[in-house]
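The sequence shown maps to residues 77 to 276 in this note's numbering. Even glycine gets a Cβ: it sits at the ideal position worked out from N, Cα and C. Comments concern the structure below.
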Amino acid sequence: MDTNENTLETSRQDNVTRILDAAERLFKHYGYTKTNVADIARDLGMSPANIYRFFSSKADIHKALAHRMMEAGRAVARANAARPVSATERLRDHFLQQHQITVETFLHENKVHEMVVIAIEEQWSVVEDHIKQLQAIVADVIREGIVAGEFREQDAVLASECMCATAVTLCHPQIVAECLIEDRRMTPADLVEFALRALK
77 MDTNENTLET
87 SRQDNVTRIL
97 DAAERLFKHY
107 GYTKTNVADI
117 ARDLGMSPAN
127 IYRFFSSKAD
137 IHKALAHRMM
147 EAGRAVARAN
157 AARPVSATER
167 LRDHFLQQHQ
177 ITVETFLHEN
187 KVHEMVVIAI
197 EEQWSVVEDH
207 IKQLQAIVAD
217 VIREGIVAGE
227 FREQDAVLAS
237 ECMCATAVTL
247 CHPQIVAECL
257 IEDRRMTPAD
267 LVEFALRALK
């Protein structure tokens, strides 16, 4: 890229970030369904037509926002997976961290929970990609645990899928929301320890 192209790309990214920041702020305040592109444009002091230069629809904005929110969770997962501690400790922390992110980000704010539900219902490709990336991170840690002798010899990809499915009640916003209002003896730590024993 030459200097002009770099400048144009930087400007485009700045505008995309501003639009997403405004959309997130308005979605959190008023809710996704009650916010439209005109509201986002008004908040930014620009015309709706300018928004459409970067996003084809409100759903497109939401998809990009969902991707950005989920990427924050993946960044935490990648940082945890790179820690110089045992695979067991990293897996334990992975699921407890993802649970905490779900509770804090998606459930303490009802409007954000609405955004996630809509993402699950209407933007499944974004959610599916997120799940696959997290499973790949978990599979890599399991593979390292097998090499280190912490876990028995097994198919790391299959083990990751099984472990993530076992722990889905900790990370799926809708399921977590239901579990939080139920009186359960099982804690998130109990579930993770149960799943870890299956790897040994």
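Looking at the structure shown, is T93 part of a helix, part of a strand, or coil, going by DSSP?
Within the sequence shown, residue 93 is the residue found at index 17, counting from 1. Correct three-state label for T93: helix.
Would you mind working out which of C238, G149 and Q230 sits nearest V203, comparing C-alpha positions?
Position 127 of the sequence shown, counting from 1, holds the residue named residue 203. Nearest option by C-alpha distance: G149.
Buried or exposed for L141, please, with buried defined as at least 16 other CB atoms from any protein chain shown within 10 angstroms of its CB.
The count along the sequence shown starts at 1 and reaches residue 141 at position 65. Classification for L141: buried.
Straight-line Cα distance separating C238 from E269:
To locate residue 269, count along the sequence shown from 1; it is residue 193. To locate residue 238, count along the sequence shown from 1; it is residue 162. Going by the C-alpha atoms only, they are around 14 angstroms apart.
Spatially closest choice to Q174 from E190, A155, A163 and S162, by CA coordinates
Position 98 of the sequence shown, counting from 1, holds the residue named residue 174. Out of E190, A155, A163 and S162, A155 has the C-alpha closest to the C-alpha of Q174.
Does L96 pass the burial test, meaning 16 or more other C-beta atoms within 10 Å, or should it be called exposed?
As a working note, residue 96 is residue 20 in the sequence shown. Buried: at least 16 other Cβ atoms inside 10 Å.
Please classify G121 as buried or exposed, where buried requires at least 16 neighbouring CB atoms within 10 angstroms.
Translated into the one-based positions of the sequence shown, residue 121 becomes position 45. When all chains shown are included, G121 counts as exposed.
Sequence-distant residues of its chain with Cβ nearer than 8 angstroms to K276 (five each side left out)
Numbered from 1 along the sequence shown, position 200 holds the residue referred to as residue 276. So the list reads E226, F227 and R228, once near-sequence residues are dropped.
Taking Cβ to Cβ, would you say R116 is nearer than 8 angstroms to A135?
Within the sequence shown, residue 116 is the residue found at index 40, counting from 1. Within the sequence shown, residue 135 is the residue found at index 59, counting from 1. Correcting the residue identity first, residue 116 is Ile in this sequence and not Arg. No, Cβ-Cβ distance for I116 and A135 is not below 8 angstroms.
Is there contact between the stretch 213–227 and the stretch 159–178, where contact requires at least three CB pairs shorter than 8 angstroms?
yes
Can you find the residues in the same chain that come closer than 6 angstroms, C-beta to C-beta, to V217, ignoring five residues on each side of it along the sequence?
Reading the sequence shown from its first residue, position 141 is the one you call residue 217. Counting only Cβ-Cβ distances below 6 angstroms, and skipping sequence neighbours, we find A157, A163, R166 and L167.
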